[in-house]
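Peer 1: Those sequence lines, one after another, are chains A and B.
Using numbering that gives the first Met the number 0, the first residue of the first sequence is number 0, and each one after it goes up by one.
Using numbering that gives the first Met the number 0, the first residue of the second sequence is number 0, and each one after it goes up by one.
We put the CB at the ideal spot given by N, CA and C, even for glycine.
Note that the structure is a prediction, hence the values are computed from the model and not measured.
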Amino acid sequence: MSNIKKRLKAERRFKFYGQLGVFLSLLFVTLLMLKIFTTGSGAFFRTTIEADVFFDPKFMQVDKNSSDKEISRSSFEALADSVVNNNFKDLNEGQFIKVREMFTRRFDYQLRDYFLDNKDDYKKTVKLKITASSDLDQIVKGNYPRNVPEEQRKINDYQLSILDELNKQERIGSTFNFWFFTNGDSRDPETAGIWGAIMGSFYALMVCLAFAFPIGLFASVYLEEYTKPGKITDLIEVNINNLAAVPSIVFGLLGLGMLIGVFNMPFQVPLVGGLTLGFMTLPTIIIACRSSLRAVPPSIRHGALALGATKTQTTFHHVVPLALPGTLTGTIIGMAQALGETAPLLMVGMVAFVMEIPGGPLDPATGLPSQIYLWSESAERGFIEKTSAGIMLLLLFLILMNLTAVLIRRKVEVKW
Amino acid sequence: MVYFALLLLFIVSYSFYYFGKNRALKIKFTGDQKLASLPDYYGYFLVLVVFLPSLIIWFILLLYKSNFQELYVMSPTLFPDIAQWSDAKFGLIMNKISNLALIVNIPEADLLKGQTSLLNMSSESELIAAKNLASFDSIYGWSIVIVFILLPVILGLSISRLINQKLNVQPIVEKIIINIIRFSSIVAILVTFGIFFSLIFEAIKFFQYVNFADFFFNTAWNPNRAWVISSGETVDPEILKDAFGWVPLLTGTLLVGSVAMFVAIPLGLASAIYLAEYASSKVRDIAKPIIEILAGIPTVVYGFFAALTLAPILKNFGDSIGIDISAESALAAGLAMGVMIIPFVSSLSDDVIRSVPNSLRDGSYALGATKSETIKKVVLPAALPGIMGSFLLAVSRAIGETMIVVMAASLRANLTFNPLEPATTITTQIVTALIGDVEFENPKTLVAFALGLSLFVMTLILNIIAITIVRKYREKYE
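1) Is there a Cβ from chain B that is less than 8 Å from the Cβ of residue 84(A)?
2) Using C-beta distances below 8 Å, list every residue in its chain close to residue 157(A), excluding the 5 sequence neighbours before and after it, in chain order.
3) Please report the residue range of the beta strand (DSSP E) in which residue 205(B) lies.
4) Under 7 Å between beta-carbons, which chain B residues line up against residue 16(A)? List them in chain order, please.
5) Threshold first: 3 residues or longer. Then list the beta strand (DSSP E) segments lying entirely within the segment 98–175 of chain A, N to C.
6) With a threshold of 8 Å between beta carbons, is residue 44(A) in contact with chain B?
7) For residue 254(A) and residue 346(A), which I take to be in contact (beta-carbon distance under 8 Å), what is that distance rounded to the nearest angstrom?
8) Beta-carbon separation of residue 407(A) and residue 324(A) under 8 Å?
9) Looking at C-alpha atoms only, which residue of 133(A), 248(A), 187(A), 192(A) is the closest neighbour of residue 433(B)?
10) Is the beta carbon of residue 287(A) less than 8 Å from the beta carbon of residue 328(A)?
11) Which residues in the same chain as residue 47(A) place their Cβ atom closer than 7 Å to its Cβ, once the five residues preceding and following it in sequence are excluded?
12) For residue 471(B), would you say it is in contact with chain A, using Cβ-to-Cβ distances shorter than 8 Å as the test?
13) Using a Cβ-Cβ cut-off of 8 Å, state whether residue 232(A) counts as contacting chain B.
14) Taking C-beta pairs closer than 9 Å, name the residues in chain B that residue 106(A) reaches, listed in chain order.
15) Give the straight-line distance between the Cα atoms of residue 313(B) and residue 378(B), rounded to the nearest whole angstrom.
16) Going by C-alpha distance, which of 462(B), 465(B), 425(B), 463(B) is nearest residue 452(B)?
17) Just tell me which of 17(B), 283(B), 410(B), 307(B) has its CA closest to the CA of residue 353(B).
18) Identify each residue in the segment 403–421 of chain B for which the Cβ-Cβ distance to at least one residue of chain A is less than 7 Å, and report them in chain order.
19) Rounded to whole angstroms, what's the CA-CA distance from residue 257(A) to residue 448(B)? Just pull it up for me.
20) Could you give the residue range of the beta strand (DSSP E) that holds residue 49(A)?
21) What are the residues of the segment 119–140 of chain B that lie near chain A, defined by any Cβ-Cβ distance shorter than 7 Å?
22) Rounded to whole angstroms, how far is the Cβ of residue 353(A) from the Cβ of residue 363(A), which I believe are closer than 8 Å?
23) In whole angstroms, what is the alpha-carbon distance linking residue 27(A) and residue 338(B)?
24) Between residue 371(B) and chain A, is the shortest Cβ-Cβ distance under 8 Å, so that the two count as touching?
25) Report buried or exposed for residue 202(A), applying the criterion of at least 16 other Cβ atoms within 10 angstroms of its Cβ.
26) Straight-line CA distance for residue 51(B) to residue 11(B)?
27) Answer yes or no: does any C-beta atom of chain B fall closer than 8 Å to that of residue 111(A)?
28) Against chain B, does residue 52(A) count as a neighbour if the rule is that its beta carbon must be under 8 Å from one of theirs?
29) Provide the residue(s) that pair with residue 421(B) in DSSP beta bridges, ordered along the chain.
30) Taking the alpha-carbon positions, what's the residue 47(B) to residue 172(B) distance?
31) Check residue 220(B) in the structure and name its three-state DSSP category.
32) Tell me, please, whether the segment 231–247 of chain A touches the segment 181–188 of chain B by the rule of three or more beta-carbon pairs shorter than 8 Å.
33) Determine the burial state of residue 428(B): buried for a count of at least 16 other Cβ atoms within 10 Å of its Cβ, exposed for fewer.
34) Do you know how far the Cα of residue 61(A) is from the Cα of residue 107(A)?
35) Report the neighbours of residue 10(A) on chain B: residues whose CB is nearer than 7 Å to its CB, in chain order.
36) Hey, is residue 176(A)'s beta-carbon within less than 8 Å of any beta-carbon in chain B?
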């Protein structure tokens, strides 16, 4: 009797281990997401300091009749300094530097951009919300502890006292950080944006698609419809299966050694990055495409052939259209993998500091994942939340792509 | 401009489809002879003839723009001694000219101080070259557009004159199509050979600098020593004797991989058993996709998580119980990697366990065994080869994983089997070797290809074994 009890106990224990395994795996997914979302959500808002800006002719080289070009070329540095002096009375030189540091380094650009749109404010005083520096931003958001010794802080006690004063006057605010979505990379976390990286990834994916989809589709059609099963087809089959398991970094080495080393293609550009990702995606697309070609029943081929169609007509008028939804699903999943891949981009140099938004696949660029990597390696504290926010965007794109694939599978794919 | 050219090409090709079709339909027939092919095929025929050559030319022009640029700008008439220049000097002058090109057409009054002095410092021929460069883009763009109107139109029109009622284009079109798809499948195979040969080729160059035995059996890894070598210089192998020893990288890779498998195997296998044998179909339908999300998350995310969250937590935990855990320990990287690999183990094992025939289970129940006894004594032994296959695939995945270890593991080689110490891996060193200047004639760059080759061979072998095992197993029950 005790034997049975023992056995049942063992049974319950075993089942518990299984539940524990599933539970822990699910826990990891949740923890990972939670961590990313809690750190990343801050990056969508930036801290501002309200300041009275007097467009003082003394400090400006332009006036309200100046052309946009003149304004863009002139310096607003002196005006920015005057704004600091006007808003914080009686600063000595050391104090001035500390207060100036509380604002973004691109203070003058922000004044210039405002003046470009509002030339009538010349010689007038307006209340503007000036972006705070990233260090101050992190203190306000509570990501930096305030209660550590002064020498370990980037914001010193004097700056903290100013901050508290500003807080009391309700001049510290927060606005939605559009810059994150429209800017390229920057050395200053408060002005760094993801748009350049998104465009870089977009061009790379377009190149990847333009290369891998037609080649993958045609290669599978050839292998499935035009060759007879034999030694050579077997060899190719094994070849492609192995290719699917080659580590992505090796594809990066292929891109570097072959495309850049042998064919002399340029470094750092989405064209080469995209081709490298294309090599990597090719097996995924071929495997998906071949299985959906195989799923098309032979009766359809026989029917077309019996009506007098040639082999090519049968294939391209009847078989390929029926296999297309399955191929598309595979392609989108392959593209999603390519979007998340970092190592190949690292190998072909798409990890440089690029401020400009790339205008085409031949401009130097970074990709979304390599931008995330770059930010995560940065010493500046303010980049941590940018990294997480970048990851959130990357995951969003991946979810959208995978959802599209699922929808195609549900709605369009032909079931035999 | 070059993209505009591509758009133009599409439009021209598309209109040639209708042109060819109409041309065929307008043929006046003599006697009772009919058109040799369907009218559509005459359209297809013209499109293929017009589109393919132009596309190839477009691609070459686009890709080698900088080469054409150099040819156009650095002409021997401007620089008579150009043939004797070294690559470095050529690059320097080219760089100067590109800087000049940005300012050469700006009126003098608008120039900044530094720009004026740059202009004054430049020679006459450099200024002319800069002006040429400034005008190159528009000349280049327009010449492409012209080539892309003229070439297709001339090609298309001249070939369309061949169309008559006797010309049977269908076999020609089909032949072209078959050759296109044949070429595509060759490309797919060429990728494999491309990988293999580019790795082999560069690795051979590497082994001209470094002894074979030194690489595979030396335990010291100090690639910094090679930094003193300038490109192309021949060096005494003795200097590089202790620079590139592979052993600590291999042990580091295996160490991180073992930690990962230590997490992934129990969790993955337990999940697979539960989902395949115990869970209701409802639970299964929800839990399985969620676990598979883990495999879809980009590895850079795991790297970020390991470096910024996991490593500090482990370090603080170690400090609190008095154990020294490095901030770049193999443990943090391995744990994150293990989580990533869970679905690779669980998905494949789950499939294998479910494909064990029910008759085996029923036999065991009939003999009075409990469910867990059946699983342990009957189902798992039957599924063992497939499960082993899934483990091997997971191991090959772990060895080749790059971003997690680049971000969370150490850069310094350390021959150790203690997961609490920092360790570096093969993939980390490939990335480190290629960040910064890439010089194809220097062992510090070339070593990446030798490492890549070893990685490629290792994963390939693991993979072939895994696939063979899984295949053999499948045959047994089918």
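Peer 2: Working from what's here:
1) Chain B, which has no Cβ nearer than 8 Å to the Cβ of residue 84(A), makes this no.
2) Within its own chain, the residues whose Cβ lies closer than 8 Å to the Cβ of residue 157(A), once the five positions on either side in sequence are excluded, are 94, 97, listed in chain order.
3) Per DSSP, residue 205(B) is not a residue of any beta strand (DSSP E); the alpha helix (DSSP H) it occupies stretches across 169–208.
4) Using a Cβ-Cβ cut-off of 7 Å, residue 16(A) is close to 269 of chain B, given in chain order.
5) 124–130, 171–175, all fully within the segment 98–175 of chain A.
6) Taking 8 Å as the CB threshold, residue 44(A) stays off the interface with chain B.
7) Confirmed, Cβ separation roughly 6 Å.
8) Yes. Within cutoff.
9) Selected option, being the one with the closest Cα: 248(A).
10) It is a contact, given that the beta carbons lie within the stated cut-off.
11) Here the set comprises 128, 129, 130, 131, 172, 173, 174.
12) Under the 8 Å criterion on CB atoms, residue 471(B) is classed as non-interfacial with respect to chain A.
13) Not one chain B Cβ lies under 8 Å of residue 232(A).
14) For residue 106(A), no chain B residue has a Cβ inside 9 Å of its Cβ, as the nearest lies near 22 Å away.
15) Straight-line Cα distance between these residues: approximately 38 Å.
16) For residue 452(B), the closest C-alpha among the options 462(B), 465(B), 425(B), 463(B) is that of 425(B).
17) When 17(B), 283(B), 410(B), 307(B) are compared, the shortest CA-CA separation from residue 353(B) is found for 283(B).
18) Within the segment 403–421 of chain B, the residues whose Cβ lies closer than 7 Å to some Cβ of chain A are 406, listed in chain order.
19) Answer to the nearest angstrom: the Cα atoms are 12 Å apart.
20) From DSSP, the beta strand (DSSP E) with residue 49(A) extends over 44–53.
21) Hits within the stretch: zero.
22) Separation of the CB atoms of residue 353(A) and residue 363(A) is rounded to 5 Å, and the pair is thereby assigned contact status at 8 Å.
23) C-alpha of residue 27(A) to C-alpha of residue 338(B): approximately 7 Å in a straight line.
24) Residue 371(B) counts as touching chain A.
25) Residue 202(A) comes out buried.
26) Cα to Cα, the separation comes out at about 12 Å.
27) Output row for residue 111(A): interface = no.
28) Output row for residue 52(A): interface = no.
29) Answer is 328(B), bridged to residue 421(B).
30) The alpha-carbon of residue 47(B) is positioned some 8 Å away from that of residue 172(B).
31) Secondary structure of residue 220(B) (DSSP, three-state): strand.
32) Result yes; three or more Cβ-Cβ pairs closer than 8 Å.
33) Label assigned to residue 428(B): buried.
34) The alpha-carbon atoms of residue 107(A) and residue 61(A) are separated by roughly 14 Å.
35) The answer, in chain order, is 369, 370, 371.
36) Residue 176(A) has a beta carbon lying at 8 Å or more from every beta carbon in chain B.
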